[in-house]
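In our numbering, the protein residues as written are 10 to 120.
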Amino acid sequence: MKNRKKERDYAPTLTISKIFVMFALILVLRLNVDILLLNVLLIISAIEILATNYKKSRIKWSILIFELYAIMLCVPLQNMKSPETIFSSLLYVLIVIISIVIDFSIYIENV
10 MKNRKKERDY APTLTISKIF VMFALILVLR LNVDILLLNV LLIISAIEIL
60 ATNYKKSRIK WSILIFELYA IMLCVPLQNM KSPETIFSSL LYVLIVIISI
110 VIDFSIYIEN V
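Below, the structure written as structure tokens:
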């Protein structure tokens with residue numbers, strides 16, 4: 010008999026917390042984000058949670074790439090009014106990229 014310890018899967022919890030941080034930072038940094046982009050990010054986040062729970066790596070990978078491009082292109086372009094908003098949008102993009110990389114690395118480690 011093998012003595013296996015049951016390891017807890019932190020990937021779904023980390024994905025949900027990443028999504029919460031992503032939307033909370035929009036409010037905290039007072040970013041001017043279009044309603045259409047918020048709806049797209051919300052739909053992508055729901056699909057990402059399902060893909061994480063059902064261990065669908067290809068779907069999660071494609072969703073993360075689409076999410077990265079949407080955030081990297083749309084958020085800084087919509088916040089080009091003043092240096093403060095440019096800085097806050099670039100800070101937002103940096104924090105979200107770091108959280109996406111951490112989330113995906115833990116997800117891949119568990120799969």
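Note that the Cβ used here is the ideal one computed from N, Cα and C, for glycine as well.
In this text the structure is predicted, and so the values were computed from the model without any measurement.
- Query: Given a threshold of 16 other Cβ atoms within 10 Å of its Cβ, counted over all protein chains shown, does Glu57 qualify as buried or as exposed?
  - Reply: Mapped onto the sequence shown, residue 57 falls at position 48. With 16 or more other Cβ atoms within 10 Å, it is buried.
- Touching by the beta-carbon criterion (3+ pairs, under 8 Å), the segment 34-48 and the segment 60-69: no
- Task: Rounded to whole angstroms, what's the CA-CA distance from Val37 to Ser114? Just pull it up for me.
- Result: Taking the sequence shown and counting its residues from 1, one reaches residue 37 at position 28. Taking the sequence shown and counting its residues from 1, one reaches residue 114 at position 105. C-alpha separation (whole angstroms): 26 Å.
- So which of Ser108, Ser98 and Phe75 has the shortest CA-CA distance to Thr24? One-based indexing of the sequence shown puts residue 24 at position 15. Nearest of Ser108, Ser98 and Phe75 to Thr24, Cα basis: Ser108.
- Per-residue DSSP class, three states only, for Leu40: Position 31 of the sequence shown, counted from the start, is the residue given in the question as residue 40. Residue state, collapsed to three classes: coil.
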